[in-house]
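In this note's numbering, the protein residues as written are 15 to 687. Heads up, the beta-carbon is just placed ideally off N, CA and C, and yes, glycines get one too. Every value quoted in this text rests on a predicted model; they were computed, and no experiment measured them.
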């Protein structure tokens, strides 16, 4: 209580005592109560009672109007004796309560100390252990009592001891009110055990440290689980190799610490033949093949500063860090393929793999981890479609061209949405008489930055994205609508509209349904539409195996002809497989591949021209019209009849353009009729 409150408290007690003296006899009960209230009020110091008597001995006679020596003084002495008795009794009861509370508190602490699953150590401020509970003994592998008398910091590893001493010093000095750290302690057998340590200091009333209580929670299993989860997060579960995330992080660290001019080498590998093993022999065989490949790849570069990672299903990466003076890329890849090609056995079946590799070597200061990975991936993609067990070095010019193509592909959905794509029309004419036999519809892209992009560029860009089907369907619908316009204007015998499908479009299982919908929506008769598929989308090998989705494309053409739609092929080069397609498929036209046309036009007397002549006559003999493409000048037009082509497309007869250009040709032809 404050000084003012204490003064009011004493004044009240003094008045009570004065009242106790005012009767015929001394009210000792009131004096007892005053003594008890002094104790309850906290006046229990060493000199409290003596000073109380001194004050009251002087104040009470004055309060009662008596002088010292009068008989009233005896009554005062009796009153003070009663006060002392009440004070002493109350003080005794108070101390009994305190002792009882202390015993209860100590019993509770002891029960908690002994039964707690957390390890507890009680130590002196200087760090010497006084007592430990059974849980801490068990955690650290000691017998009861073994830790008493030892320094608490001895439980830490030598490397962590200075840190432990600093933490302990911070607690004792009051700099750190509480300690909460995760640390490894040493067991009696020398093994490490991971714990959460929680430390507090018990202090005396004057703030002096009495004891340090340290609690330890065993988190060894939790830490092992964390490490396992971390390993799984950063490693491939099948092979145990680092995964893409770990590899990318490591690559970033390598680039950061490398000298600016140091050369970093990255190999991106694709396992040749893995699909045959996985699909032909089963998933278990595929998993075993991956394990074998991972071990062998790691073994090849084990003596180099390197990292091997699995990036995806059958793709791996190898990073060779700077400073490998003996590195020879060709020799390294040959060693890799030699190791992979060594057969291993799956249920008595000898299996071997090889790798196709994209290689990037760049200065550390000239690329980011993401750019290095991208360059390696695109380099691999460039060679993967051409050959097996080969490798190719990153080429900046080819990469720039690829990236430009990919940018176009990424922008194509927006181009379709904003009306940048157009459909152009080009006549297909007879070389004899230049009669219009059909009209080819093709894409054109009015690019805001690159200008006019050709049909070939549009088709290549569309093939790289899922928008190929949307763009292809838009082309079909637009062309069919235009064909109906000409049909209404020039009559039912207007030449058919020809649409050259993109490869993915030709292999679309829903192609027939989509074309049927276009015919229904526009009203165009099936016989007035010709659908040409690229030979690359058709099965071009002899036998039962198909590459790509050729079987689906063949089925599409057959069903379309059953509906009355005309069918054809383009980019025809005359290979054996292509001739098989002509023989087996119900096609009515074949358009010659552009490279063949260019070579023939250069020199009609060459062997290639003679071979083309034999090829064209063979196709014409099957009742199929052959379209020369492109025919851009009179010399080209003059050589093709000799070779055997009967139709042509090219700038000589009309460049790709808006529908009104073709309409003018159709109008002249219609007037002649």
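Determine, using beta carbons only, whether residue 582 and residue 544 come nearer to each other than 8 Å. yes
Can residue 639 and residue 595 be called in contact, C-beta distance under 8 Å? no
Which two residues bound the contiguous beta strand (DSSP E) that contains residue 329? 329-334
Within 10 angstroms of its Cβ, does residue 605 collect 16 or more other Cβ (buried), or is it exposed? buried
In whole angstroms, what is the alpha-carbon distance linking residue 355 and residue 296? 20 Å
Please classify residue 561: is it buried, with 16 or more other beta-carbons within 10 angstroms of its beta-carbon, or exposed? A caution first: residue 561 carries a pLDDT of 44, below 50, which makes its placement in the model unreliable, though a value can still be read off. Classification of residue 561: exposed, given that the 10 Å Cβ count is below 16.
Residue 278: buried (16+ other C-beta within 10 angstroms of its C-beta) or exposed? buried
Residues bridged to residue 514 [DSSP beta-bridge criterion]: 546
Starting from residue 441, trace the beta strand (DSSP E) in both directions and tell me its first and last residue. 435-444
Given this structure, state the Cα-to-Cα distance separating residue 35 from residue 192, to the nearest angstrom. 57 Å
Please say whether residue 437 and residue 492 have beta carbons closer to each other than 8 Å? yes
Helix, strand or coil for residue 174, going by three-state DSSP, please let me know. coil
Residue nearest to residue 540 in terms of C-alpha spacing, selected from 647, 190 and 580: 580
Same chain only: Cβ atoms within 6 Å of residue 623, ignoring 5 sequence neighbours per side: 614
Rounded straight-line distance, which links the Cα of residue 335 to that of residue 319: 6 Å
Which of helix, strand or coil DSSP assigns to residue 256: strand
Nearest-angstrom Cβ-Cβ length linking residue 207 and residue 232, presumed shorter than 8 Å: 6 Å
When DSSP labels each residue in this structure, what does residue 638 get in the three-state scheme? coil
Between the CA atoms of residue 347 and residue 261 - distance to the nearest angstrom: 20 Å
For residue 100 and residue 30, what's the separation of their Cα atoms in angstroms? 14 Å
So residue 471 and residue 456 are in contact, right, with Cβ under 8 Å, and what is the actual spacing, rounded? With a Cβ gap of about 11 Å, residue 471 and residue 456 do not count as contacting.
Put residue 294 into one of helix, strand or coil per three-state DSSP. helix
Since residue 186 and residue 139 are thought to touch, with beta carbons under 8 Å apart, how far apart are those beta carbons, to the nearest angstrom? 5 Å
Suppose the cutoff is 8 Å on Cβ atoms and the five residues either side in sequence are ignored; what does the same chain contact list for residue 627 look like? 656, 657 and 658
Spatially closest choice to residue 419 from 368, 405, 394 and 474, by CA coordinates: 474
Could you compute how far the alpha carbon of residue 174 sits from the alpha carbon of residue 204? 15 Å
Run of the alpha helix (DSSP H) containing residue 145, from where it starts to where it stops: Not the alpha helix (DSSP H): residue 145 falls in the beta strand (DSSP E), residues 143-146.
Find the nearest neighbour of residue 542 within the set 524, 503 and 494, judged by alpha-carbon distance. 494
Should residue 183 be labelled buried (16 or more other beta-carbon atoms within 10 Å of its own) or exposed? exposed
Out of 116, 28, 507 and 154, state which residue places its alpha-carbon closest to the alpha-carbon of residue 538. 507
Neighbourhood of residue 280 by C-beta distance below 7 Å, restricted to the same chain and skipping five residues each side: 331, 333, 374, 386 and 390
When the Cα of residue 646 is compared with those of 250, 676 and 611, which residue comes out closest? 611
Decide if residue 407 is buried, meaning its Cβ has at least 16 other Cβ atoms within 10 Å, or exposed. exposed
Run the CB neighbour count on residue 304, radius 10 Å, all protein chains shown included, and call it buried at 16 or more, exposed below. buried
Straight-line gap, residue 588 to residue 310 (C-alpha atoms, nearest Å): 43 Å
Whole-angstrom C-beta distance between residue 150 and residue 135, which should lie under 8 Å: 6 Å
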